[in-house]
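Numbering (UniProt numbering), first residue to last: 1 to 160.
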């Protein structure tokens, strides 16, 4: 089957993903948080995870993770504490102030998602989310080997 007249799935997913990420970034900025900071805080809640474990989960490089944690500590949202099992590692602990901002951020994300999905007829919403979930967990769960793959963007846990 040729490409003429075909749906450009990659472009549709890219444009919707970019628009959604931009809106979430703007809305979270209103409460003084970035998607990456929300991701780190959400991942750290009651998890006992190290900076490295959170960075790996969220596809954040080490330098970016350090900068993000510096900002979270400066804001009073999180602390780095020595790991009880590895004295070289630091566990990320979310403060009460951090828990409060995660609650606000979760509401922002829920509001944006509801607004986006409300643009679709009710009978299409569940199908869209279910189909995308099956793709991410199935056919598209492991990237194909590629000599020059596109740059992998960090997962920002915008998923609520």
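Note that the Cβ used here is the ideal one computed from N, Cα and C, for glycine as well.
By how many angstroms is the C-alpha of residue j removed from the C-alpha of residue i?
| i | j | result |
| --- | --- | --- |
| residue 107 | residue 76 | 20 Å |
| residue 110 | residue 103 | 11 Å |
| residue 22 | residue 16 | 10 Å |
| residue 33 | residue 141 | 29 Å |
| residue 13 | residue 130 | 15 Å |
| residue 31 | residue 145 | 40 Å |
| residue 137 | residue 127 | 15 Å |
Ends of the beta strand (DSSP E) at residue i?
| i | result |
| --- | --- |
| residue 90 | 90-94 |
| residue 82 | 78-82 |
I need the boundaries of the alpha helix (DSSP H) containing residue i, first residue and last residue.
| i | result |
| --- | --- |
| residue 147 | Unbroken run through residue 147: none, as it is neither H nor E. |
Which residues in the same chain have their Cβ closer than 6 Å to the Cβ of residue i, if we skip the five residues on either side of it in sequence?
| i | result |
| --- | --- |
| residue 148 | none |
Note to self: Suppose only complete runs of 4+ residues qualify. What are the alpha helix (DSSP H) ranges in the UniProt domain "HTH marR-type" (6-137), listed by chain order?
What the structure shows: 9-29, 35-44, 51-58, 62-75, 96-117, 122-137
Margin query: Across the region 76-91 and the region 43-59, are there enough close Cβ pairs to call them in contact, namely three or more that are closer than 8 Å?
Written below: yes
Check: If we count Cβ pairs, one from each stretch, closer than 8 Å, do we get three or more for the region 115-134 versus the region 78-87?
Finding: no
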